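Residue numbers (UniProt numbering): 1 to 461.
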C-alpha cells in the first residue's frame with residue numbers, strides 16, 4: 001500500500017499541539033477494514049512530551065490530561081476480492097457455477113455476501129447473481145451468466161468481484177453493506193423528466209402518455225405488480241425439505257423487520273405458512289443505518305436443478321440499439337417480486353423467523369434460477385414488439401426517426417403490454433426520451449456506442 005499524497009498539519013492532543021506530516025492513502029480494502037482512519041507513527045509520537053499509555057485502564061496520560069482509549073471496533077470485513085480458483089469456460093448463453101478463492105481467508109469469521117462483479121467482466125458481457133455463502137477453506141461458489149455469442153474463458157486467478165462479511169454478534173445476523181441505495185417510499189406519483197431532450201409539444205406528449213398509463217407506475221416501495229405472463233417453478237434433486245433454524249433478531253431491529261414483513265403480507269407477495277421448506281432472513285445493514293431484509297436461500301439453491309435460458313448476445317444488442325435518435329430506459333419496481341411462483345415453488349420458498357413461518361408467493365431475489373426466470377418472463381411479455389429490448393431487468397426503448405411520434409408509439413406499445421400483464425415501473429428509476437443512454441456498460445447514441453466513461457476510467461486506473 002503506497003501513500004498517494006502527504007500534507008503537514010497541526011495536531012492537538014489533550015491541549016498539546018504538534019506539527020506532523022500526514023500521509024494519505026487511497027486503498028479501499030484497507031480503509032474499509034481498518035478499525036481506525038488515523039494512525040500515528042513513532043516519529044510523530046516522539047514529538048510529544050513524555051506520556052503514559054495505561055492499557056489496563058485504557059487511558060492515555062499526557063501533561064496531567066487523560067484521554068480514554070476507545071475499544072477497537074469489531075466490524076465485518078468489506079470489499080474482499082474474489083478470484084477464479086481454476087481456469088474455466090462459460091459457454092454462450094449459459095450460466096455456470098464457478099469456484100472462486102477469496103482474499104484473506106484467514107481473517108474471515110462469518111459468512112460472506114458476494115455483492116459486486118468486477119468491471120472488466122461486466123465489459124465482456126458477463127453477469128452474476130449476488131449470493132450469501134459460507135467459504136470453506138476460503139473457497140466459494142458463484143453463478144456467472146454468459147449472454148454473448150462466444151465462449152468466455154476465465155483464467156485461474158482472474159478477479160471476479162467483491163464480497164463483504166456477514167456480521168454476527170450475539171447470534172445477530174447483520175450484513176454491513178455500503179453499496180445499496182436507500183429505498184424511500186414515494187408518497188405521491190412522480191416521474192422525473194429532467195433528462196428528456198425533448199421540449200415543448202413533444203415533452204407534453206410524453207407527459208400525457210405517462211399520465212394515461214399512470215396505473216403502471218408504482219406509487220410506493222410496496223406498490224408492485226403481479227405478472228400474469230407465467231410462473232416460476234423450482235425443481236429440486238430431492239423432495240426432502242431443506243430447512244434452516246431461525247436466527248435470533250436483535251430486539252432493536254424486530255419492529256423494523258416485522259414492519260417489512262407486514263408490508264409484504266399486505267402487498268400479497270408473502271403469506272403465513274406451515275411449509276417445512278424454510279430459509280433464514282439476513283438483515284442487510286446499509287450505510288445510513290437502515291435495514292434491508294434478505295432471504296438466505298443457500299440450502300435451497302444447493303438442491304435446485306439449474307435452469308438455462310438463452311440471454312441476448314451483447315454484440316447483437318449493441319448493434320441493434322446504436323445509431324438511434326431517442327432512448328428511454330425502464331426499470332421495473334422490485335422486478336423479481338412481480339413474478340409469480342408456482343404452488344410447488346412457493347412451498348419451497350418458506351421463510352422462518354423466531355415466532356412464525358411464511359412463504360413467498362412471488363419470486364424473491366437470491367434464488368438460483370431467478371435471473372433465467374425473469375429473463376424468460378420478460379421475453380414473453382415483449383415478444384413481437386420492435387424498438388424494445390430487455391436484458392434481464394434492463395429494458396431499453398430506442399427509435400431512429402427524427403419524428404418523436406415514433407418514440408411515443410413505441411413507448412405506448414410497451415406500456416400496453418405492461419398493463420396487460422400487470423407489471424409496474426419504478427417512476428424514479430425510469431429515464432425518458434434521451435438522446436444518449438448508458439446501457440449494459442456502454443453509452444449508446446446517434447453516433448453508435450462506446451464504453452461508458454465509468455468503464456474507461458476503471459481500465460485506466
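Note that CB positions come from ideal geometry on N, CA and C, so glycine has one too. Note that this is a predicted model, so its numbers are computed, not measured.
{"Asked": "Over the uninterrupted beta strand (DSSP E) stretch that includes residue 270, give me the two end residues.", "Found": "270-272"}
{"Asked": "For the putative contact between residue 462 and residue 235, defined by C-beta atoms under 8 Å, what is the C-beta separation to the nearest angstrom?", "Found": "In the structure displayed, the chain extends from 1 to 461; residue 462 sits before or after that span and is not available."}
{"Asked": "Which runs of the beta strand (DSSP E), 3 residues or longer, sit entirely within the segment 355-434?", "Found": "357-360, 388-391, 394-399 and 431-434"}
{"Asked": "If you drop the 5 nearest sequence neighbours on each side, which residues of the same chain put their C-beta closer than 7 Å to that of residue 274?", "Found": "357"}
{"Asked": "Taking just the CA atoms, how far does residue 65 sit from residue 54?", "Found": "13 Å"}
{"Asked": "With a cut-off of 8 Å on the beta carbons, I'd call residue 341 and residue 318 a contact; round off their distance for me.", "Found": "Incorrect: roughly 33 Å between the Cβ atoms, too far for contact."}
{"Asked": "Would you call the CB atoms of residue 388 and residue 229 closer than 8 Å?", "Found": "no"}
{"Asked": "Helix, strand or coil: which one does DSSP assign to residue 316?", "Found": "helix"}
{"Asked": "With DSSP run on the structure shown, which of helix, strand or coil describes residue 109?", "Found": "coil"}
{"Asked": "Measuring CB atoms only, is the segment 406-416 touching the segment 204-219, in the sense that at least three cross pairs come out at less than 8 Å?", "Found": "yes"}
{"Asked": "With DSSP run on the structure shown, which of helix, strand or coil describes residue 54?", "Found": "strand"}
{"Asked": "Determine, using beta carbons only, whether residue 390 and residue 379 come nearer to each other than 8 Å.", "Found": "yes"}
{"Asked": "Suppose you measure from the CA of residue 139 to the CA of residue 105; what does that come to, to the nearest Å?", "Found": "8 Å"}
{"Asked": "Only counting the same chain, and skipping five residues up and downstream in sequence, which positions put a Cβ closer than 8 Å to that of residue 335?", "Found": "374 and 393"}
{"Asked": "CB residue 82 to CB residue 160, shorter than 8 Å?", "Found": "yes"}
{"Asked": "Using beta-carbon positions only, say whether residue 329 and residue 396 come within less than 8 Å of one another.", "Found": "yes"}
{"Asked": "Would you grab the beta carbon distance between residue 326 and residue 447 for me? Rounded to a whole angstrom, and I think it's under 8 Å.", "Found": "About 14 Å separates the two Cβ atoms, so there is no contact after all."}
{"Asked": "Give a single yes or no on whether residue 441 has its beta carbon closer than 7 Å to a heavy atom of the ligand NAP.", "Found": "Within the structure as shown, the ligand NAP is missing, as the structure has no ligands at all."}
{"Asked": "Following the continuous beta strand (DSSP E) through residue 94, name the residue where it begins and the one where it ends.", "Found": "94-102"}
{"Asked": "For residue 268 and residue 359, I'd like the C-alpha separation in whole angstroms.", "Found": "11 Å"}
{"Asked": "Could you round the C-beta distance between residue 154 and residue 80 to whole angstroms and report it? I think they count as a contact, below 8 Å.", "Found": "Residue 154 to residue 80, Cβ: 18 Å. No contact."}
{"Asked": "Could you work out which residue in 421, 400 and 406 is closest to residue 332 when comparing CA atoms only?", "Found": "421"}
{"Asked": "Are residue 366 and residue 295 close, meaning C-beta to C-beta below 8 Å?", "Found": "yes"}
{"Asked": "According to DSSP, simplified to helix, strand and coil, what is residue 85?", "Found": "coil"}
{"Asked": "Within a Cβ cutoff of 7 Å, which residues of the same chain sit near residue 402, ignoring the five residues on either side of it in sequence?", "Found": "325"}
{"Asked": "Tell me the rounded alpha-carbon separation between residue 99 and residue 404.", "Found": "49 Å"}
{"Asked": "The beta strand (DSSP E) spanning residue 152 covers which residue range?", "Found": "152-154"}
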